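Counting in our numbering, the final residue of the sequence shown is number 1060, and the numbers go up one at a time with none missing. Single-structure report; data block below.
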Amino acid sequence: MSFLSLHGDYTKRDAQHVSRFLVAEIDGYYEVTTEAGDLALRLRIRQAYPKTFCVVGETVSFGYGSVGEGAEYLICTLYPDGKITIMRDEYVALPLFYSFSQGQFELSNVYEDIVEQTAVKTINHRHVVNLLRPNPDYHDTLYHEIKILDERMVLDIDSNGAIITKPVNRSWQVTADAAAIDPKDFQRVLSRHLDTFIATRLEGNNVAFEVSAGIDSSLLPLYYKSKKATAITTGTMVFPGEYKQSQLAKRDLIQSGESAISIPVDPKNDYPLSRFIKGTVRPFYSFEEIYAEPLEKLAAALARRGIEVVSTGIGGDELFENNVVLEDEFRFGQSTMTARAETTLPSYFTDTFQKKWTSATPAEMPYAVPLLGMSLHGAQLARNAIYIAHDIWPVSPFADSKLYEFCQGLPVIFRSNKNILRAYYDAHSFPAEISNPAVNENFGRFFDDCLSSGIYDHIVAMYAGQSVVEQWGYIDAKALLNRWQQKGDLLTDPLTKRLLFSVFTWLSLEMNIAASKRI
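If you want it as structure tokens, here you go:
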């Protein structure tokens, strides 16, 4: 379901034209058009957090939140002369993609819609080679024309095209630059932050907590129950295998019974990309959520319960990460270029690929250093759309720039292994089985087991036989297929684990290209 879509046709507009806006509320959406039909807006009407608005006067202002007030905002303005301004916050919970091609502006939170509506699309080969290693860069898409409206950006649109005002870097660069924090302050600061988060995001809404039963996702529901003394709704994707029982046992320490929704993850049906392999492949954002299939089932189950806001544990790892060298974290500069040139790649990569991959290294920092952990926005781009399609807004107590900077300033011994968060659990008498488990679940095993099970053998062989990436000169598809067929024992060969992920990203790319060609 599209939460927000905006279309501007600048081929119909002359310099003197002034639009008159027409507004209606239809089937749960604000809909704004002009008499000339050159602008069309569709925004979901939402009374739960974050409440959306659409105010019409000489201009049309729409979005959610307010600049400088509250935790999240998206502020958009349509002007009578056809100009559009869109301002993003630092949290960017709502994925937004846009394009401006042949006088047509398109914006939507649904990537597939933008691909379909963008008339001219040219392959972004820098993105392609970074995908193939893989080398996550969450600021690009498969096409040059399709962009991501990222944190704190301001987008201005008129008949001349799209202009981005980029945000400034955060005041500190790497972890060592963050202001030193006294660990004694952690308990007080985290509790105050959680209280504020509950008051501003959760209260007054029908809320659920997505819990894996790990230390991050369990924190807020445990804290919430300790404050509210009430049952809560939880949602858990239950993974098969050796960790299933320990995961369920820890989940039950948070919430059990009918309020604890369990989605069993079935390796035969819920493997990554299965909905496309078994059905019709559609364009999807390059960094596909590998748990998309069970997460879709969980979102649907929560929607049936009337859930409006879901709290997740996204960003918990980033709070305590240790960023040492900016060039390594964001993959730019001479040292990164040299490392790529000297890397010994698997035999199925060509010399052409290595040269392209090396030359694709930016000489300087290609975008502003974000206020939150770099990987957090990538995770939100991949998974938030699944919840939002069910009209459930995903939030996380860890997606907070002030808390992130505070935690980055803690001494490394307290950040290591999340020791200070484990101490917080102890201080609040939260279950030690969660904060200091006898067994640490490895949910990544599900991905490895699926990829090595034989389920993908047919589809890998099919795309290897018609590889577009091979036509571009980046891989030897026959060599890739041979290596895949001889992958051997996953559990004893670390090179095989890397092979699985490398082939998966290649397969995702081939499927995405094929789907886009059909539009």
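Glycine included, every Cβ here is placed at the ideal spot set by N, Cα and C. In this text, all values refer to a predicted model and were calculated from it rather than measured experimentally.
Between the segment 936-953 and the segment 881-900 there are fewer than three inter-stretch CB-CB distances shorter than 8 Å, so the stretches are not counted as touching. Taken atom to atom, the span from the alpha-carbon of residue 787 to that of residue 865 is near 35 Å.
If you draw a straight line from the Cα of residue 822 to the Cα of residue 550, it comes to about 29 Å. Each of 715, 1054, 617, 1059 was checked against the Cα of residue 672, and the nearest Cα belongs to 1054. Within the model, the alpha-carbon separation for residue 908 versus residue 653 is close to 25 Å.
Judged by DSSP secondary structure, residue 628 falls within the beta strand (DSSP E) whose first and last residues are 625-629. The residues 756, 861, in chain order, have a CB closer than 7 Å to that of residue 959 in the same chain once the five nearest residues on each side in sequence are set aside. At the C-beta level, residue 747 and residue 613 stay beyond 8 Å of one another. Excluding five sequence positions before and after residue 1009, the CB atoms of its chain that fall closer than 7 Å to its own CB belong to 1051, 1054, given in chain order. The beta carbon of residue 805 is closer than 6 Å to those of 779 in its chain, skipping five residues each way along the sequence. At a Cβ-Cβ threshold of 8 Å, residue 791 and residue 754 count as neighbours.
Three or more pairs of CB atoms, one per stretch, sit closer than 8 Å, so the segment 1001-1008 contacts the segment 1018-1025. By the Cβ-count criterion, residue 623 is buried, with 16 or more other Cβ atoms from all chains shown falling within 10 Å of its own Cβ.
DSSP places residue 953 in no beta strand (DSSP E) but in the uninterrupted alpha helix (DSSP H) bounded by 953-956.
Just measuring C-alpha positions, the residue of 838, 605, 601 sitting nearest residue 620 is 601. For residue 819, the enclosing alpha helix (DSSP H) starts and ends at 815-819.
The continuous alpha helix (DSSP H) containing residue 765 extends over residues 756-769. Shown here, residue 778 sits in a strand according to DSSP, grouped into three states.
Going by DSSP, residue 996 is part of no alpha helix (DSSP H) at all; its letter is neither H nor E. Taking a cut-off of 8 Å on C-beta distances, the segment 827-836 touches the segment 808-816, as three or more cross pairs fall below it. With 16 or more other Cβ atoms from the protein chains shown falling within 10 Å of its own Cβ, residue 920 counts as buried. Under the three-state reduction of DSSP, residue 969 is assigned to coil, being neither helix nor strand. Residue 681 counts as buried, since at least 16 other C-beta atoms from the protein chains shown sit within 10 angstroms of its C-beta. Restricting attention to beta strand (DSSP E) runs no shorter than 3 residues, the segment 703-751 encloses them at 748-751, ordered along the chain. 711 is the residue among 547, 711, 956, 785 whose C-alpha sits nearest the C-alpha of residue 942. Taking every protein chain shown into account, the CB of residue 1059 has fewer than 16 other CB atoms within 10 angstroms, so this residue is exposed. Residue 769 counts as exposed, since fewer than 16 other beta carbons sit within 10 angstroms of its beta carbon. Residue pairing of residue 581 in beta bridges, as defined by DSSP: 548, 574. About 7 Å separates the beta carbons of residue 675 and residue 1043, which is inside the 8 Å limit, making them a contact pair. An exposed status is given to residue 882, since fewer than 16 other beta-carbon atoms sit within 10 Å of its beta-carbon. Shortest Cα-Cα distance from residue 987 to any of 905, 1038, 870 involves 1038. A distance below 8 Å between beta-carbons, with the five flanking residues on each side excluded, links residue 925 to the following residues of its chain, in chain order: 634, 635, 636, 935. Distance from the CA of residue 880 to the CA of residue 904, rounded to the nearest whole angstrom, comes to 13 Å. Each residue's CA atom was taken as its position, placing residue 563 and residue 694 some 28 Å apart. A straight-line Cα-Cα distance of about 26 Å links residue 583 and residue 846. According to the DSSP assignment, residue 688 belongs to the beta strand (DSSP E) that extends over 687-689.
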